[in-house]
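Numbering of the sequence shown is given in the numbering used here, commencing with residue 121 and proceeding in unit increments. All remarks here apply to the structure that follows.
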Amino acid sequence: MPRRFAFARSATLCVFILLSLLTEAFPEYVGGKIGQTPPSDFPPGNVRFGIDDAAIAPVVPLILKTLKSFIGSVTVPEQRLHGVSLETMQVQDINIGNMSLHMNSTNRVDVSVWNMTANVPETNFSYNLVFVSCSGTAKTDVRNANVSFAMRLSIGVGGILDVSVEDMAIQLLDLVITPSLNGWCKSMDFVVGTLMNIFKRSIADYLQQYVPAMVQPIVRAKTVDILQKLPISFVSPPNITDGRMEVTLAIHSEIPINRTTKAGMFTEIGGPLPERDISMICSFAAANNVLRLLHLFGNQSLLNMAIPIPGIYNSSLVESIYPDVVELCPNCPLKFVTGWTAAPWLEPVSDKAFITNAEGPTLSMDMVMDDNTSVTVLGAHLNATANVTHLSTDNSGRVTIKLASVNAAVALYAPLGRKINSTSLNTDVQVLLNEIVVPFVNAQTGGFALPFDVTDLLLKVSNAAISVGLNAMEAYPLIGSCIDRIW
């Protein structure tokens with residue numbers, strides 16, 4: 121026990137011991153090289169994407185929250201009418217009850233927003249009528265307003281989507297202006313209230329005339345700002361018909377992207393889109409870029425996980441193999457640690473066949489010391505390739521896979537123990553893959569159940585591209601979960 125306490129308190133001694141053991145005991149990679157070297161460059165890849173009106177509903181909450189974050193306030197300049205003067209008003213706290221989007225012909229998206237509310241802080245006003253002159257303040261509430269407009273989509277400089285706002289209409293159903301007069305004029309509140317009603321039409325006319333000019337640059341600037349942060353560029357303008365939009369995007373491998381790349385440099389994708397509310401045909405280049413981006417910018421808690429091992433399984437389990445380890449920290453807790461040193465990548469072989477490469481997945485068993493530092497007891501590096509000749513799903517949500525071969529190489533290491541030769545292990549692993557795993561997978565003519573409950577997913581590889589389709593009702597839980605994570 122004293123030795124354990126002393127080790128935990130001395131970080132310098134711990135580092136010295138670890139470096140010494142690593143220098144003497146870290147093994148060479150004996151497992152051999154499997155598969156191809158990871159590509160050094162990742163060219164842009166095309167994705168043809170289609171979406172129906174039915175798939176828009178799940179993202180409306182996200183759109184509403186985005187609008188609320190940048191809509192800001194609207195300034196209504198000073199109004200004068202029939203002797204009454206109302207100073208400049210700031211329309212604030214604008215909230216949107218609900219909205220809908222409908223994709224229309226002629227490359228436009230119709231947007232309707234209703235049940236909008238807003239308030240205006242007390243604003244000074246005055247009126248002069250014959251020999252009577254009064255002043256006071258007015259509080260304004262917008263309790264029910266509807267707005268409709270159209271967004272026309274085109275391609276701007278650098279493959280950025282350009283948005284213009286057209287045909288905006290504003291309907292103020294419940295605009296309440298409550299005046300409060302100062303001094304002796306208070307007795308005339310009723311008269312002034314009547315006069316204030318005259319301003320409702322004036323204010324509505326102003327909003328109708330000038331708000332579109334204010335909204336368009338905001339919408340365009342926000343669209344450009346969002347899209348410039350994404351690894352995508354538009355290869356061609358969106359093709360919008362009644363209730364559906366189709367667009368071809370280029371997926372890049374890094375952020376920010378090189379927007380000087382010309383559309384002609386991208387590989388064309390043939391074949392029709394799947395008949396689903398959300399559909400996509402993706403080139404292998406685009407798929408590799410998505411995998412790379414997920415590895416670079418994805419949730420690190422998912423890519424690199426630490427899984428605690430129950431307390432009854434502690435460092436004493438390895439005492440017979442690594443007595444020196446247990447001597448450093450007897451009965452210390454253990455944990456599994458997983459990680460990815462590189463993103464997997466795909467290589468097309470023919471119209472339907474492709475190779476999946478994974479280089480660098482790691483798994484280690486670590487010992488957690490008293491000072492909460494971790495020391496690796498046993499670890500493994502994995503290289504693997506799978507030659508897939510068929511991949512598809514059916515309407516029941518099962519996936520069918522056919523394999524030509526699977527190859528794997530495992531390199532084991534024990535930094536705190538003796539060297540491990542992986543040759544015999546890899547021989548046994550390859551026999552297991554060739555004689556059990558591949559025949560078992562190919563024998564499952566009914567396919568395998570997916571790990572998530574989606575019964576209408578379409579997935580297949582053909583024409584050297586990956587096709588994916590999903591109907592809106594099946595996509596609701598997935599999209600809703602993503603929105604919750606974003607916000």
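C-beta: ideal position from N, C-alpha, C; glycine also. All of these numbers come straight from a predicted model, not from anything done at the bench.
Cβ neighbours of residue i in the same chain (closer than 8 Å, five flanking residues each side left out)
| i | result |
| --- | --- |
| Gln-212 | Ser-193, Ala-238, Asn-239, Val-240, Pro-241 |
| Gly-431 | Pro-453 |
| Gly-390 | Asn-583, Ala-585 |
| Ala-462 | Pro-158, His-415, Glu-479, Gly-480 |
| Val-180 | Asn-218, Met-219, Ser-220, Leu-221 |
| Pro-570 | Rather than Pro, the amino acid found at residue 570 in this sequence is Leu. Thr-513, Gly-517, Arg-518, Val-519, Leu-577. |
Opening and closing residue of the beta strand (DSSP E) in which residue i lies
| i | result |
| --- | --- |
| Arg-396 | That residue, Arg-396, is in no beta strand (DSSP E); it is neither H nor E in DSSP. |
| Ala-585 | 585-590 |
| Gln-564 | Counting along the chain, Gln-564 falls outside any beta strand (DSSP E), and DSSP gives it neither H nor E. |
| Leu-545 | Here Leu-545 belongs to no beta strand (DSSP E); instead the alpha helix (DSSP H) covers 543-552. |
| Glu-286 | 281-301 |
| Met-365 | 364-371 |
| Leu-570 | Taken as a continuous stretch (DSSP letters only), Leu-570 belongs to no beta strand (DSSP E), as it is neither H nor E. |
| Ser-220 | 218-224 |
| Ser-205 | 204-206 |
| Lys-306 | First-last for Lys-306: undefined, no H or E at that position. |
| Lys-349 | Counting along the chain, Lys-349 falls outside any beta strand (DSSP E), and DSSP gives it neither H nor E. |
| Gly-170 | 165-172 |
| Pro-428 | 426-428 |
| Ile-360 | 359-361 |
| Ile-214 | 209-215 |
| Val-581 | 578-582 |
| Val-84 | The structure shown has nothing for residue 84, since the chain only spans 121 to 607. |
Cβ pair residue i, residue j closer than 8 Å
| i | j | result |
| --- | --- | --- |
| Ser-436 | Val-446 | yes |
| Trp-234 | Asn-224 | no |
| Val-465 | His-415 | According to the sequence shown, residue 465 is Trp rather than Val. Against a cut-off of 8 Å, the Cβ pair of His-415 and Trp-465 comes out as no contact. |
| Val-367 | Phe-169 | yes |
| Asn-266 | Glu-207 | no |
| Leu-273 | Ile-360 | yes |
| Ile-171 | Ile-398 | yes |
| Ile-297 | Val-344 | no |
| Leu-579 | Ser-470 | no |
| Phe-162 | Asn-503 | no |
| Ile-216 | Leu-182 | no |
| Val-588 | Gly-517 | no |
| Asn-477 | Glu-467 | yes |
| Asn-591 | Arg-396 | yes |
| Asn-507 | Ile-556 | no |
| Val-549 | Ala-528 | yes |
| Ile-375 | Lys-349 | yes |
| Val-558 | Ile-521 | no |
Close beta carbons around residue i, own chain, < 6 Å, minus the five adjacent residues each side
| i | result |
| --- | --- |
| Asp-486 | Lys-455, Val-457, Ser-494, Thr-496 |
| Asp-294 | Arg-263, Asn-264 |
| Arg-340 | Val-283 |
| Lys-188 | none |
| Ser-373 | Phe-162, Asn-409, Arg-412 |
| Lys-153 | Residue placement at Lys-153 is poorly supported in this model, since its pLDDT is 47, which falls under 50; the coordinates are not used for a value here. |
| Leu-498 | Met-485, Ala-534 |
Cα-Cα separation between residue i and residue j, rounded to whole angstroms
| i | j | result |
| --- | --- | --- |
| Asp-362 | Leu-553 | 51 Å |
| Thr-505 | Phe-417 | 24 Å |
| Pro-357 | Ile-275 | 5 Å |
| Val-285 | Phe-269 | 7 Å |
| Val-581 | Pro-337 | 42 Å |
| Thr-257 | Tyr-247 | 11 Å |
| Gln-291 | Val-410 | 44 Å |
| Ile-377 | Arg-364 | 28 Å |
| His-222 | Lys-259 | 36 Å |
| Val-519 | Pro-351 | 29 Å |
| Met-400 | Asn-166 | 10 Å |
| Thr-143 | Val-526 | With a pLDDT of 30 at Thr-143, under the threshold of 50, the modelled position of that residue is not reliable, and no figure is offered here. |
| Leu-523 | Ile-429 | 34 Å |
| Cys-402 | Ser-353 | 14 Å |
| Ala-563 | Thr-482 | 30 Å |
| Val-196 | Val-231 | 23 Å |
| Pro-164 | Asp-261 | 51 Å |
| Cys-254 | Met-209 | 19 Å |
| Ile-214 | Arg-228 | 25 Å |
| Thr-509 | Lys-472 | 6 Å |
| Ala-175 | Ala-426 | 36 Å |
| Asp-173 | Lys-342 | 22 Å |
| Gln-329 | Arg-200 | 17 Å |
The alpha helix (DSSP H) enclosing residue i, as first and last residue numbers
| i | result |
| --- | --- |
| Asn-408 | 404-417 |
Close Cβ partners of residue i (< 7 Å) along its chain, the five nearest in sequence each way excluded
| i | result |
| --- | --- |
| Met-593 | none |
| Pro-287 | Strictly speaking, residue 287 in this sequence is Asp, with Pro absent from that position. Excluding residues within five positions, the ones whose Cβ falls inside 7 Å are Phe-269, Ala-270. |
Segments assigned beta strand (DSSP E), at least 3 residues, entirely inside the stretch 437-524: Here the runs fully enclosed are 454-460, 465-468, 474-488, 494-513.
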